[in-house]
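In short: position in the sequence shown from 1, add 257, done, that's our numbering. Cβ atoms here follow ideal geometry from the backbone N, Cα and C, with glycine treated the same way. What follows is one structure encoded as structure tokens, with my remarks underneath.
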Amino acid sequence: MGTELRNKSREVVALIVRANAARDKQAELLALRDRLEELLILMRLAKEVRAFKNFKSFQFVIELVVSVCRQNEGWLRSTQKV
């Protein structure tokens with residue numbers, strides 16, 4: 258579970274970098290949205306199997322990912338206005 262979380266997190270960071278460099282940001286940001294949803298699901302599964310040390314650890318990381326999700330939605334809205 259830990260390996261999957263690390264790999265999915267790396268994918269998210271790579272997609273953020275690619276979206277920053279891309280001319281067609283919307284396609285990359287949509288892919289990023291999908292990976293973030295996958296990461297959220299993995300985190301919820303990890304919580305269910307007690308992979309986190311305690312609830313505060315889970316809460317901390319889930320809030321970070323939700324924050325990135327919100328930022329991504331803002332980026333998507335800004336690309337649609339152009």
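8 Å Cβ cutoff met for residue i and residue j
{"i": "Arg275", "j": "Glu285", "result": "yes"}
{"i": "Ala288", "j": "Leu299", "result": "no"}
{"i": "Glu268", "j": "Arg292", "result": "yes"}
Cα-Cα separation, residue i to residue j
{"i": "Ser314", "j": "Gln337", "result": "35 Å"}
{"i": "Asn311", "j": "Asn329", "result": "28 Å"}
{"i": "Trp332", "j": "Ala308", "result": "32 Å"}
{"i": "Met258", "j": "Val325", "result": "21 Å"}
{"i": "Glu295", "j": "Glu305", "result": "15 Å"}
{"i": "Val270", "j": "Asn277", "result": "11 Å"}
For residue i, the first and last residue of its enclosing alpha helix (DSSP H)
{"i": "Ala276", "result": "Gly259 to Ala278"}
{"i": "Phe315", "result": "Phe312 to Lys338"}
{"i": "Asp291", "result": "Lys282 to Glu305"}
Three-pair Cβ contact test at 8 Å for the segment 305 to 320 versus the segment 275 to 283: Verdict: no, contact absent.
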